[in-house]
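Participant: In the numbering used here, the protein residues as written are -14 to 631. Heads up, the beta-carbon is just placed ideally off N, CA and C, and yes, glycines get one too.
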Ligand code: PRX
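1) Would you check if the distance between the CB atom of residue 290 and the CB atom of residue 145 is smaller than 7 Å?
2) Is the CB-CB distance between residue 268 and residue 59 below 7 Å?
3) Give the straight-line distance between the Cα atoms of residue 167 and residue 511, rounded to the nearest whole angstrom.
4) Quick check on this structure: which residue in 598, 408, 476, 171 has the alpha carbon closest to the alpha carbon of residue 708?
5) Here's the rule: buried if 16 or more other CB atoms are within 10 angstroms of the residue's CB, otherwise exposed. What is residue 553?
6) Just to confirm, is the Cβ distance from residue 446 to residue 480 under 7 Å?
7) So, does the segment 298 to 314 touch the segment 497 to 513, judging by three or more C-beta pairs under 8 Å?
8) Quick one: Cα of residue 184 to Cα of residue 78, how far?
9) Checking 7 Å against the spacing of the C-beta atoms, do residue 614 and residue 345 come in under that value?
10) Apart from the five residues on each side of it in sequence, which residues of its chain come closer than 6 Å, Cβ to Cβ, to residue 281?
11) Apart from the five residues on each side of it in sequence, which residues of its chain come closer than 7 Å, Cβ to Cβ, to residue 690?
12) From the DSSP output, which residues share a beta bridge with residue 53?
13) For residue 611, does the three-state DSSP call read helix, strand or coil?
14) Compute the minimum distance between the beta carbon of residue 286 and the heavy atoms of ligand 1, and state whether it is under 6 Å.
15) Given 8 Å as the limit, is there contact between the segment 570 to 584 and the segment 621 to 631, that is, 3 or more CB pairs closer than that?
16) Is the beta carbon of residue 392 closer than 7 Å to that of residue 638?
17) Would you call the segment 296 to 310 and the segment 39 to 57 in contact, with 3 or more CB pairs under 8 Å?
18) For residue 162, which three-state DSSP category applies?
19) Please state if the CB of residue -2 and the CB of residue 409 are separated by a distance shorter than 7 Å.
20) So who's on the other strand from residue 88, going by DSSP bridges?
21) When DSSP labels each residue in this structure, what does residue 204 get in the three-state scheme?
22) Excluding the five sequence neighbours on either side, which residues of its own chain have a C-beta within less than 6 Å of the C-beta of residue 383, listed in chain order?
23) Please report the straight-line C-alpha distance between residue 134 and residue 456, rounded to a whole angstrom.
24) Rounded to whole angstroms, how far is the Cβ of residue 174 from the Cβ of residue 205, which I believe are closer than 8 Å?
25) Hey, would you say the C-beta of residue 538 is under 6 Å away from at least one heavy atom of ligand 1?
26) Please state whether the Cβ-Cβ distance between residue 343 and residue 318 is less than 7 Å.
27) Does DSSP put residue 628 in a helix, in a strand, or in coil?
28) Taking all protein chains shown into account, decide if residue 18 is buried (16 or more other Cβ within 10 angstroms of its Cβ) or exposed.
29) Assuming residue 66 and residue 264 are in contact, meaning their beta carbons sit under 8 Å apart, how far apart are those beta carbons, in whole angstroms?
30) Pick helix, strand or coil for residue 29, following the three-state DSSP scheme.
31) I'd like to check one pair, residue 543 with residue 571: are the Cβ atoms closer than 7 Å?
32) Just list the residues that DSSP pairs residue 124 with in beta bridges.
33) Classify residue 533 as helix, strand or coil using the three-state DSSP reduction.
34) Name the two residues that bound the continuous beta strand (DSSP E) containing residue 253.
35) Is the beta carbon of residue 539 closer than 7 Å to that of residue 504?
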């Protein structure tokens, strides 16, 4: 492997950042040698009603139980809102930038406090109590943050469903967690297009029961159907309640939120995060990884429907008293300069986005970037998928004018916060590497048998001990939590990612080693797409794999076997793509569909995905041994009919 290019830590960063390399080493060693003392100290960064006396009580075998700060009590909304009001109530908490560049809004911490309390009273009025689940299906408008914090304030557990998911996906998530209240908007607005959120909620609720109240925020003002007794406009409810609502005293391990994410098999899992450990970890990583300090204007371009939006738009930054920018739109509307124009407009200093956006904007050319100033920027971040070195270099040279370090942050919905990332004042950068573990994180690389590999090596990435932000369970299915993450390698958390470690101890994530694919930074289970396809009346069997895609990172490649007597043509291809969009959502649309008379199966009937992956990757030379297939001739047909163009 050729040695990667190295970028030294700029001198002023080493001098001025919270940690330089020596301090990183010292803090990291302290965090590993005595986690109790380390996290005992750093737990004090948040405010407590009752202080904790126990710090860490975790085990990964013979069963899994994860508890941090378990005898302390606190409230997340109090930490993210109230405690800042006294000190700097006039500081902007949220800058909201609308889809239309003429719309933006500054919300101070004082205003945030009043909005959150009012929203909390509205929820109480709808019967929401501590421990109840509330589904949030909102666009990127300030009310999304108000609703999250309102839930946290009264001890309700939010489950946010990304606005791009279909009514079916929404219905499944509402039922799984048993929500009684859904918060939505009339419509969403993205890239000038309207998204019929309320209509989607209606379609979802036609399938599932149990929801007694739908709270509708007006975004576009479009007329929407309102079911009498069930549906209410937020503004009408808010007009009748006060903006004072006390914080519920929450135990450290009380649930904060559920967020559904895709796995190798079955339905999406409800990842459960709890109160105190999550908040400590989100806030601490936000401070150190982004070297956040008062005065920064911080912008994470994610959607609150994903974990990045939870931890690094809302909870981490607000806990730190930061100014966080919330963007309703998309990178290429009204023009491909939008991101850079927003940076200039609001004088953004820290910018955090996904490689898929960087690659797309890179394709639009340098001029669209260079015509903006971006002089306010001091740090860039990347998240969600491996960043290819070409995109990294472009981000560094063109967007950051060679001036801004890039933090390539590796983490997952399950981890709650960033686990592997450079710290900008401490870590020399290698484009494409997430570099080194955060404090308290013990990555290991294991081979298929679970042997821990030493030195420079490649294998599967596991984490050997708990950290405060770790998920606590799969909602309603603790056994599945254990089976998914702790059964493959005894006593260790299995990430599902492959990883290489180089001679400097830097980690290079190589992508998923399970049947999860990463499409434009969105995580997708191949099994989910397959089950959507086979639900179509003409489909008898389907196998879905990822393949390298220039913009999306991975594209979705579907092999489809039709019912006897049916034949595949362009019209059916289009129909199947539309079908999957409707079943799951646009993010799951197959890029390529190949009609295959047969799939490669072992004699026991198991589909050999390895072969399908290789064919989708155009890598016919390394199909490996196909002699064990029940019918080796299917492979010739699959190769001959490989799809190249959508
Ligand atoms: O494969 C890794 C990839 O995204 C997966 C987690 O997806 P999700 O739970 O949706 O969370 C995304 C945002 C944290 C991981 O298992 N991934 C995430 N960040 C990186 C990454 N792969 C490489 N480099 C990253 N920086």
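Facilitator: Based on what the coordinates show:
1) yes
2) no
3) Each residue's CA atom was taken as its position, placing residue 167 and residue 511 some 28 Å apart.
4) Residue 708 is absent from the structure shown; the chain starts at -14 and stops at 631.
5) The residue in question, residue 553, is buried, as its Cβ has 16 or more Cβ neighbours within 10 Å.
6) yes
7) no
8) 31 Å
9) no
10) Cβ neighbours of residue 281 beyond the five flanking positions: 334, 335.
11) Because residue 690 is not part of the residues shown, which for the chain are -14 to 631, the question remains open.
12) 41
13) coil
14) no
15) yes
16) Residue 638 is absent from the structure shown; the chain starts at -14 and stops at 631.
17) no
18) Assigned with DSSP and collapsed to three states, residue 162 falls in helix.
19) Closer than 7 Å, so yes.
20) Answer by DSSP bridge pairing: none, since residue 88 is not bridged.
21) coil
22) Counting only Cβ-Cβ distances below 6 Å, and skipping sequence neighbours, we find 351, 354.
23) Here the alpha carbon of residue 134 sits roughly 19 Å from the alpha carbon of residue 456.
24) 6 Å
25) no
26) Contact flag unset, no.
27) Secondary structure at residue 628: coil, using DSSP grouped into helix, strand and coil.
28) exposed
29) Contact between residue 66 and residue 264 does not hold, since their C-beta atoms are separated by about 12 Å, which reaches or exceeds 8 Å.
30) helix
31) Not in contact: residue 571 and residue 543 (Cβ atoms no closer than 7 Å).
32) In DSSP, residue 124 forms no bridge with anything.
33) Here DSSP, grouped into helix, strand and coil, assigns residue 533 to strand.
34) Unbroken run through residue 253: none, as it is neither H nor E.
35) yes
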